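In my numbering, the protein residues as written are 24 to 125. For every residue, glycine included, the Cβ atom is placed at its ideal position computed from N, Cα and C. For clarity, every value in this text was computed on a predicted model and none was experimentally measured.
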Amino acid sequence: MSDRIGVMYLGKLVEVGPADQVATKPRHPYTQALIDAVPIADPTLERRERVAITGELPSAINPPEGCRFKTRCPFAKEICDTDPPISGDEHQVACHFPLTPV
Numbered sequence: 024m025s026d027r028i029g030v031m032y033l034g035k036l037v038e039v040g041p042a043d044q045v046a047t048k049p050r051h052p053y054t055q056a057l058i059d060a061v062p063i064a065d066p067t068l069e070r071r072e073r074v075a076i077t078g079e080l081p082s083a084i085n086p087p088e089g090c091r092f093k094t095r096c097p098f099a100k101e102i103c104d105t106d107p108p109i110s111g112d113e114h115q116v117a118c119h120f121p122l123t124p125v
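Here it is as structure tokens:
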């Protein structure tokens with residue numbers, strides 16, 4: 024089992040960090056959507072809101088400039104046309120609008 028996880032979208036790392044933090048407190052919207060997509064073994068014991076990934080699926084051959092997730096991100100703004108900053112030390116995220124850890 025790995026103690027660090029890296030999440031990629033269209034060939035770019037969007038989040039890297041300790042496995043427990045990335046799995047329980049994701050900072051990138053794509054990572055959160057992936058975690059929300061994991062089936063719950065017994066939905067009668069746990070209910071949660073699932074966030075579906077909507078929007079236009081970009082070309083993997085000719086990905087968009089800036090943030091590659093911007094066409095599907097619910098938080099995307101014009102600034103996402105530029106390369107996202109990488110923030111964090113041990114738990115890094117490449118996003119103009121990273122999710123706030125709970």
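Minimum C-alpha distance to residue i - residue among the options
i, options, result
"Thr-123", "Gln-55, Cys-90 and Thr-67", "Gln-55"
"Met-31", "Ser-110, Tyr-53 and Pro-49", "Tyr-53"
"Val-44", "Asp-106, Gly-29 and Pro-81", "Correcting the residue identity first, residue 44 is Gln in this sequence and not Val. Nearest option by C-alpha distance: Gly-29."
"Arg-91", "Pro-97, Pro-81 and Val-116", "Pro-81"
"Val-39", "Cys-118, His-114 and His-119", "His-114"
"Lys-35", "Glu-101, Ala-75, Pro-87 and Ile-76", "Pro-87"
"Glu-72", "Lys-93, Asp-104 and Asp-59", "Asp-59"
Separation of residue j from residue i, as counted between CA atoms
i, j, result
"Pro-121", "Met-24", "26 Å"
"Leu-33", "Arg-27", "20 Å"
"Arg-95", "Thr-67", "30 Å"
"Ser-110", "Val-37", "11 Å"
"His-51", "Gly-89", "15 Å"
"Ala-99", "Cys-118", "10 Å"
"Val-61", "Ile-102", "30 Å"
"Asp-112", "Asp-106", "19 Å"
"Ile-63", "Thr-77", "21 Å"
According to DSSP, residues forming a beta bridge with residue i
i, result
"Gly-40", "Ile-28"
"Thr-82", "The question names Thr, yet the displayed sequence has Ser at residue 82. Answer by DSSP bridge pairing: none, since Ser-82 is not bridged."
"Lys-35", "Tyr-32"
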